[in-house]
Each structure stands twice: as structure tokens, then as C-alpha cells.
Amino acid sequence: MKKNHGKMKAQFFLLGTFLLCLLFFLGLPLSSPKLSVASRDLSYLSENIQKELPRALNFGLNSTGGINTLENFTAFVKAAMLEHSVNYTSLWIVTENRTDSNLNVTAANHLGSAVTLSIRVSGSNTTLELENNEINSSVFTMVPDEFEMNISFGSVTKNMVLQRNKVNLYAFIKLQRDENFLQEEIVA
């Protein structure tokens, strides 16, 4: 009798172990849960980009990097945002005085697709067809010291009054994580 009683204990132990394992595996989800970070940080990230983009341009202008420094900074921000599961897209325009009355306008498209950019400076128009990650520039002549610049691309239209004798920056930035997004414009 004692031997039967020992076999019964072993069977109950095995059955109990099997039931615990079954309960454990039934409690696990069939697919892995989607990990998501709160999107409250988008405004914080946007504020930092708004501060640092003009600084990157100034750093490039004060060194030998020029516009390339701004382009490198854009690539750095895009990579850094991906580490936080944020898609960063942007379009920026820089104006620089070249001679007494000539103005160079350089634009870079990092919006993720081709864009048609219309620029009007003091009555003169130009259109730049920019592929994604492309930079292009145009020269405007006979630009007054203070000039009006109108730009439009996609659904964005911006009118600004700028100074010819200083470097000006306009940037459109967009940060997106899942369905949450934040877009801003920078004029410096």
C-alpha cells in the first residue's frame, strides 16, 4: 500500500507541475506587445532642435564648414530621433548676401519625398524642384537691404521680411511618432 501511495504523490506532483506550466503559458500574450514611448517628449525635442539649428548654421559659417555643417547637423538629428522612435523631416532655406545687391538662396529638402519649392524675393520668382535629401540654390539680383521673401511648398506658405546683409534661416520641421506629430517653423 505504501508503494501505491508514493506513486499517487508523484502523479499529483507531475499533474500540478503540468497545470502550473499551462497556466503560465496561457497568461502570455500570443503576440509581443507594442512598446510605445509617451509622446510628450516631442515638444521638448522640438524646442531643442529650434535652438540648435540656427547654432549649427552659425557654427558652419564661422568655420570652413558653411552650409555643409547645417546639412551634417540635419543628418545627425534624423539619426538621433530614430533612436527615440521619432521620424524627423525638415526643409530649410538659407539666404546669404553675395555681392552688393545679390542674394544667394540655398534650400535643402529632407521631407522624405520630392517637393516643388516656390520662392519669391522682392518681385522675382524662382521654382526649385528638390528630390529628397537634395540641396539646390538660386541667385536673386538687385535685392534691397530689407526684402520680402515668400515661399511655398506642399500646403505650407510663409511670408517673411528679412535683411539682405545678414544670413537668414527658415526651417520647417516635423517630428512624428505613430499618430502623434508636431510641426514647427523656425525663422532666424
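Note that our numbering has the sequence shown beginning at 682, numbered continuously upward.
Note that beta-carbon positions come from the ideal geometry of N, C-alpha and C, so glycine has one too.
Exercise for the section: Please work out which residues of its chain come closer than 7 Å, Cβ to Cβ, to threonine 807, disregarding the five sequence neighbours upstream and downstream, and give them in chain order. Expected result: Ile800, Ser819
Handout entry: valine 767, enclosing alpha helix (DSSP H) - first and last residue
Key = Valine 767 -> no alpha helix (DSSP H), and no H or E assigned at all.
Practice task
Below 8 Å on the Cβ atoms is my guess for leucine 809 versus alanine 795; work out the distance and round it to an integer in Å.
Solution key: Actually they are not in contact, since the Cβ atoms of leucine 809 and alanine 795 sit about 11 Å apart, beyond 8 Å.
Exercise for the section: Count the other CB atoms, across all protein chains shown, that sit within 10 Å of the CB of alanine 741; report buried if there are 16 or more and exposed otherwise. Expected result: According to the sequence displayed, residue 741 carries glycine and not alanine. Its Cβ being crowded by 16 or more others within 10 Å, glycine 741 is buried.
Handout entry: Same chain, Cβ closer than 6 Å to tyrosine 851, five either side skipped, listed in chain order
Key = Ile774, Val868
Practice task
Please state whether DSSP places serine 744 in a helix, a strand or coil.
Solution key: coil
Handout entry: Distance between valine 842 and lysine 759 (C-alpha atoms, nearest Å)
Key = 29 Å
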